[in-house]
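Q: Each number in the working numbering comes from the position in the sequence shown (counting from 1) with 650 added on. In this text, a Cβ means the ideal position worked out from N, Cα and C, and glycines have one as well.
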Amino acid sequence: MKRTEKLVLIFGLIIAVGIAGIIMLVISLAPGSSEKTTVLSPMTAPEAKQAVITFYSGQVFYYRNNSWNPVAIGDMLEASDFVKTLENSICEVQIGKKAILIINEQSLLRIHEVLHSEIELKTDAEILVGTVLCKIAPLTKGETVRIRSGVRAFGVRGTEFLVQRSPGQTICAVSDGAVVVAEVDSGRETARVSRNQEITINERTKTAGPISAVSAISASALTVLKTVDFDDFSAQNIAKLVKVQLSVIPESTEIHIGGQFKCTGSWAGLVPAGTEIAVTLRKKGFREQSFKLTTRQGEDRSYVFRMELDEPERGIIGVSPEDDPIVKIEKLELELQSMVSEKQSYAREIETLRVRTTALQQQLDEANRKIQQAREQLR
651 MKRTEKLVLI FGLIIAVGIA GIIMLVISLA PGSSEKTTVL SPMTAPEAKQ AVITFYSGQV
711 FYYRNNSWNP VAIGDMLEAS DFVKTLENSI CEVQIGKKAI LIINEQSLLR IHEVLHSEIE
771 LKTDAEILVG TVLCKIAPLT KGETVRIRSG VRAFGVRGTE FLVQRSPGQT ICAVSDGAVV
831 VAEVDSGRET ARVSRNQEIT INERTKTAGP ISAVSAISAS ALTVLKTVDF DDFSAQNIAK
891 LVKVQLSVIP ESTEIHIGGQ FKCTGSWAGL VPAGTEIAVT LRKKGFREQS FKLTTRQGED
951 RSYVFRMELD EPERGIIGVS PEDDPIVKIE KLELELQSMV SEKQSYAREI ETLRVRTTAL
1011 QQQLDEANRK IQQAREQLR
């Protein structure tokens, strides 16, 4: 492959269900870098019983209909769904206009209830293992947000806090506002944790330790909540939000955004149109890649970058680059991850089409019902 800038159209694949399309390109941006671009469907507003994935990095999956699937930016979550994050991975979920849940690495969260509207918010989720950070705007009378962990539930009116569950114990730490600790089954209040405080619950004895000052570890984890804000999914603003997904082969490649290390493998978010994203990709033994992506309204994209091996060092006697076992292994890894990435991309598109097909069928059934009613009225 010549190391000059070039554009090669590989293939086009168009699958239509209503108004649906997929266009895939492979672009070589500069020596040592390549990019596969997939056009994503535009962001849509979540329905009343849906939460939306607004950011993720690393390897994140959701469980529905007896199967695990890799998440995509803008995916909708519903009651009974599970979200799982692997090592060095994170997922941000927004519920309505007032609740953000950040699921930290190596965590498993179950959603029990989601309901939101202009005048109502009800959220019930359970952390099964790991850590969930919560940013809750002030709630009005009747609105509820509850995070369960083992034998306790944590309810709020408007606060920033985390719940961390590990074998045998749960920690709740609060950076702003207050959290009411209650028994899951009876709802009986057992403690109240205020700003800059934390409490530890022993799940074996079902008892809580004394309330103490928030630990340095918890305080450090809670700082991320100061950097997130609520996305506006109103009809006037949603078109200005652009889906951006970055994936790198090999998956162990470091992704740096704006000069700061963010994750390895994958990074995705909802970004305002007109934002310039400075990206650097790094992995030992591969050529470092640096470039900028500028988001544009209506241009929702998923990018897959393939790293290229660095040139082997000269002067090694007896081993040619083609025979070097390390080079062979790296090449096999690249090929395998390329196939896995392509499979996951198709799986996401199939799931999107399935959801759209279901929605269209529901609209068709409703139209047939109205036609039948009209016919009966004419008799």
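Does DSSP put Ala698 in a helix, a strand or coil?
A: Note: Ala698 maps to coil in three-state DSSP.
Q: Can you tell me which of Arg714, Pro788, Thr1002, Ile740 puts its alpha carbon nearest to the alpha carbon of Ile761?
A: Looking at the Cα atoms, Arg714 is the closest of the given residues.
Q: Can you name the residues that DSSP bridges to Ser717?
A: Looking at the DSSP assignment, Ser717 forms a beta bridge with Arg714.
Q: Name the residue from Asp774, Lys934, Arg1029, Gln1011 whose alpha carbon lies nearest to the alpha carbon of Glu901.
A: Comparing Cα positions, the closest option is Lys934.
Q: Candidates Asp826, Ser865, Cys913, Glu810: which alpha carbon is nearest Glu755's?
A: Out of Asp826, Ser865, Cys913, Glu810, Cys913 has the C-alpha closest to the C-alpha of Glu755.
Q: For Val813, which option in Cys784, Val801, Pro922, Leu789 has the closest C-alpha, if you only look at C-alpha atoms?
A: The shortest Cα separation from Val813 among Cys784, Val801, Pro922, Leu789 belongs to Cys784.
Q: For Ala841, I'd like the list of residues in its chain whose CB is within less than 7 Å of its CB, leaving aside the five on either flank, ordered along the chain.
A: If we look at Ala841 and ignore the five residues flanking it on each side, its Cβ neighbours are Val831, Ile849, Ala858, Ile861.
Q: Could you name the residues of the same chain whose beta carbon sits closer than 6 Å to that of Ala701, not counting the 5 residues immediately before and after it, in chain order?
A: Excluding residues within five positions, the ones whose Cβ falls inside 6 Å are Leu727, Val743, Ile745, Val764.
Q: Report yes if the CB atom of Ala918 is closer than 8 Å to the CB atom of Tyr706, and no otherwise.
A: Yes, the Cβ-Cβ distance between Ala918 and Tyr706 is below 8 Å.
Q: Distance check for Val892 and Ile899, CA to CA, integer angstroms please.
A: Spanning the two alpha carbons is a distance of roughly 23 Å.
Q: Going by CA-CA distance only, name the one from Pro817, Glu983, Ala1009 that's closest to Arg854.
A: Comparing Cα positions, the closest option is Pro817.
Q: Taking the straight line between their C-alpha atoms, what separation do you get for Leu896 and Ile927?
A: Taking the straight line from one Cα to the other gives about 11 Å.
Q: Going by beta carbon distance, what residues of the same chain come within less than 8 Å of Ala787, once the five residues before and after it are set aside?
A: Only Lys747, Lys748, Ala749, Gly808, Phe880 meet the Cβ criterion.
Q: Could you tell me the alpha carbon to alpha carbon distance between Ser868 and Val878, rounded to whole angstroms?
A: Using only the alpha carbons, I get a separation of about 17 Å.
Q: Need the endpoints of the alpha helix (DSSP H) that Ala866 sits in, please.
A: Counting along the chain, the alpha helix (DSSP H) containing Ala866 begins and ends at 866-872.
Q: For Gly948, count neighbouring C-beta atoms within 10 Å of its own C-beta (all shown protein chains included) and say buried if the count is 16 or more, exposed if not.
A: Exposed, because fewer than 16 other Cβ atoms sit within 10 Å of the Cβ of Gly948.
Q: What does the Cβ neighbour count give for Ala695, buried or exposed, with the cut at 16 atoms within 10 Å?
A: It counts as exposed.
Q: Please tell me whether, using a cut-off of 7 Å, the distance from the CB of Gln1022 to the nearest non-hydrogen atom of the ligand NAP is below it.
A: Among the components modelled here there is no ligand, and therefore nothing to report on the ligand NAP.
Q: Name the DSSP beta bridge partners of Ala918, please?
A: Bridge partners of Ala918: Tyr706, Gln895.
Q: Could you tell me which residues DSSP pairs with Val843 in its beta bridges?
A: Paired residue(s): Val829.
Q: Assuming Leu690 contacts Asp950 (C-beta within less than 8 Å), just tell me the rounded distance between them.
A: Right, the Cβ-Cβ distance comes to about 4 Å (below 8 Å), so this counts as a contact.
Q: Quick one: Cα of Val806 to Cα of Gly837, how far?
A: Looking at the two C-alpha atoms, the distance is approximately 13 Å.
Q: Going by DSSP, name the residue or residues bridged to Gly780.
A: Bridge partners of Gly780: Arg815.
Q: Starting from Ala928, follow the beta strand (DSSP E) in both directions and report where the run begins and ends.
A: Segment 926-932, the beta strand (DSSP E) holding Ala928.
Q: Rounded to whole angstroms, what is the Cα-Cα separation between Ser757 and Val710?
A: Rounded to the nearest angstrom, the two C-alpha atoms are 10 Å apart.
Q: Taking only three categories from DSSP, how would you classify Thr1008?
A: Note: Thr1008 maps to helix in three-state DSSP.
Q: Tell me whether Ser757 sits in a helix, a strand or coil according to DSSP, three-state version.
A: Correct three-state label for Ser757: strand.
Q: Nearest to Cys741 by CA position, among Ile769, Asn716, Ser952, Thr781, is which residue?
A: Of Ile769, Asn716, Ser952, Thr781, the residue nearest in Cα terms is Thr781.
Q: On the criterion of 16 or more Cβ atoms from any shown chain inside 10 Å, does Leu1028 qualify as buried, or is it exposed?
A: Classification for Leu1028: exposed.
Q: I need the boundaries of the beta strand (DSSP E) containing Lys734, first residue and last residue.
A: Unbroken beta strand (DSSP E) run through Lys734: 732-735.
Q: In this structure, what does DSSP give as the bridge partners for His906?
A: His906 is bridged to Phe911, Thr930.
Q: Can you tell me which of Leu1014, Thr704, Gln847 puts its alpha carbon nearest to the alpha carbon of Val721?
A: When each option's Cα is compared against that of Val721, the closest is Thr704.
Q: Whose C-alpha, out of Leu778, Ile752, Gly792, is nearest the C-alpha of His766?
A: Among Leu778, Ile752, Gly792, the Cα nearest to that of His766 is on Gly792.
Q: Check the DSSP bridge columns for Ala749 and list the partner residues they point to.
A: In DSSP, Ala749 forms a bridge with Ile745, Ile786.
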